[in-house]
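Chemist: The sequence shown begins at 87 in this note's numbering and counts up one residue at a time. I have a structure here, written as structure tokens, and I will follow up with some questions on it.
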Amino acid sequence: MKLAITATGTDLSADVDPRFGRAAYILVVDSDTLAVEVIDNAANKDAFKGAGIQAAAAVSDKGAKVLLTGFCGPNAFKTLDAAGVKVANDVSGTVQSAVERFKAGEYTFSSAPNAEGHW
87 MKLAITATGT
97 DLSADVDPRF
107 GRAAYILVVD
117 SDTLAVEVID
127 NAANKDAFKG
137 AGIQAAAAVS
147 DKGAKVLLTG
157 FCGPNAFKTL
167 DAAGVKVAND
177 VSGTVQSAVE
187 RFKAGEYTFS
197 SAPNAEGHW
């Protein structure tokens, strides 16, 4: 399964970035092989508005079925939900540990955003 994980760097040893829309990177990790595809989120990181929606579209376009992140706002959450991407919030540690915890069934999926919108 493809997992999208917000990250401060470009490999499995990077820390999970607590921000979704403005994360430095989003890593799309195959939970079986640990193959990593990097989404450079620089354009959204400094966007005036719409960062969460654009990041959600990128995650969906890469075929991820689950997002692991710290905080996800309402517009991004709605976009991810519409695309069929499940969201687990309050994720921390390294990307690799997040994958391991996901595979162990330690995360529950959110039914609502856990961050306020910016507007």
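The C-beta atom is built at its ideal place from N, Cα and C for all residues, glycine as well. It should be emphasised that the depicted structure is a prediction, and the values quoted were computed from it without experimental measurement.
(1) Please give the ranges of any beta strand (DSSP E) in the stretch 129 to 203, keeping only runs that are unbroken, at least 3 residues long and fully inside the region.
(2) Taking only the alpha-carbon atoms, compute the straight-line gap between L113 and F195 and give it to the nearest angstrom.
(3) Any idea if D103 is buried or exposed, counting beta-carbon neighbours within 10 angstroms, 16 or more meaning buried?
(4) Which one of G136, T119, G149, D118 has the shortest CA to CA distance from K125?
(5) Could you give the distance in angstroms between the alpha-carbon of K172 and the alpha-carbon of K131?
(6) List the whole-angstrom C-beta distance separating E202 from G159, where the pair is believed to meet the contact cut-off of C-beta under 8 angstroms.
(7) Kindly give me the distance between the Cβ atoms of A93 and A110, rounded to whole angstroms, as I take these residues to be in contact under 8 angstroms.
(8) Count the other CB atoms within 10 Å of the CB of T165; is the residue buried (16 or more) or exposed (fewer)?
(9) Could you check what DSSP says for L113 in three-state terms: helix, strand or coil?
(10) Return the Cβ separation of G170 and G138 in integer angstroms, given the expectation that the two are a contact with Cβ distance under 8 angstroms.
(11) Mapping the DSSP letters down to three states, classify L98 as helix, strand or coil.
Modeler: A quick look at the data gives this:
(1) Fully contained in the stretch 129 to 203 are the following beta strand (DSSP E) runs of length 3 or more, in chain order: 152 to 154, 172 to 174.
(2) Here residue 113 corresponds to residue number 27 of the sequence shown, with the count starting at 1. Here residue 195 corresponds to residue number 109 of the sequence shown, with the count starting at 1. If I take the Cα positions, the gap works out to 19 angstroms.
(3) On the sequence shown, position 17 is the one that residue 103 refers to. The residue is buried, with at least 16 neighbouring Cβ atoms inside 10 Å.
(4) On the sequence shown, position 39 is the one that residue 125 refers to. Lys is not the amino acid found at residue 125; the sequence shown has Ile there. Nearest of G136, T119, G149, D118 to I125, Cα basis: G149.
(5) On the sequence shown, position 86 is the one that residue 172 refers to. On the sequence shown, position 45 is the one that residue 131 refers to. About 22 angstroms.
(6) Residue mapping note: residue 202 aligns to position 116 of the sequence shown, counting from 1. Residue mapping note: residue 159 aligns to position 73 of the sequence shown, counting from 1. By a beta-carbon distance limit of 8 angstroms, E202 contacts G159. Their separation comes to about 7 angstroms.
(7) Position 7 of the sequence shown, counted from the start, is the residue given in the question as residue 93. Position 24 of the sequence shown, counted from the start, is the residue given in the question as residue 110. So it is a contact: roughly 7 angstroms between Cβ atoms.
(8) Counting from one through the sequence shown, the residue named residue 165 turns up at place 79. T165 is buried by the Cβ-count criterion.
(9) Numbered from its first residue, the sequence shown carries residue 113 at position 27. Note: L113 maps to strand in three-state DSSP.
(10) Here residue 170 corresponds to residue number 84 of the sequence shown, with the count starting at 1. Here residue 138 corresponds to residue number 52 of the sequence shown, with the count starting at 1. At roughly 17 angstroms, the Cβ-Cβ gap does not stay under 8 angstroms, so G170 and G138 are not in contact.
(11) Within the sequence shown, the letter at position 12 stands for residue 98. Coil.
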